[in-house]
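**Student:**
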Amino acid sequence: KQEGWTLGVNYYVNPKLRFMANLLNVKTEDSEITLDGEHESIGIAQFRMSVDF
Numbered sequence: 306k307q308e309g310w311t312l313g314v315n316y317y318v319n320p321k322l323r324f325m326a327n328l329l330n331v332k333t334e335d336s337e338i339t340l341d342g343e344h345e346s347i348g349i350a351q352f353r354m355s356v357d358f
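Each residue of the sequence shown is one higher than the last, beginning at 306 in the numbering used here.
#1: With a threshold of 6 Å on Cβ separation, who are the neighbours of residue 329 within its own chain once the five nearest residues in sequence on each side are excluded?
#2: Along the beta strand (DSSP E) that carries residue 332, what are the first and last residues, could you check?
#3: Along the chain, where does the beta strand (DSSP E) that runs through residue 352 open and close?
#4: Near residue 315, which residues of its chain fall below 7 Å by C-beta distance, leaving aside the five closest residues on each side in sequence?
Here it is as structure tokens:
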């Protein structure tokens, strides 16, 4: 079983410059990829910048 959520934010400095951030959290239960079927939680932070020229 897996449960997860994602939160995303965009910040437009001006029409040609944008900053983006994403936070992800995934929880697994009784998975073959976890040790001894234990509950595992993974958190990921992503940051990006976009420039239009």
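Here a beta-carbon is modelled for each residue, glycine too, at the ideal position from N, C-alpha and C.
**Tutor:** According to the data block:
#1: Counting from one through the sequence shown, the residue named residue 329 turns up at place 24. Setting aside the 5 residues that flank it on each side, residue 329 is surrounded in the same chain by 311 and 349, each with a C-beta closer than 6 Å to its C-beta; the list follows chain order.
#2: Within the sequence shown, the letter at position 27 stands for residue 332. Annotation: the continuous beta strand (DSSP E) that includes residue 332 extends over 322-333.
#3: Your numbering for residue 352 matches position 47 in the sequence shown. The continuous beta strand (DSSP E) containing residue 352 extends over residues 345-356.
#4: What you label residue 315 is simply residue 10 of the sequence shown in a count that begins at 1. 323 and 325, listed in sequence order.
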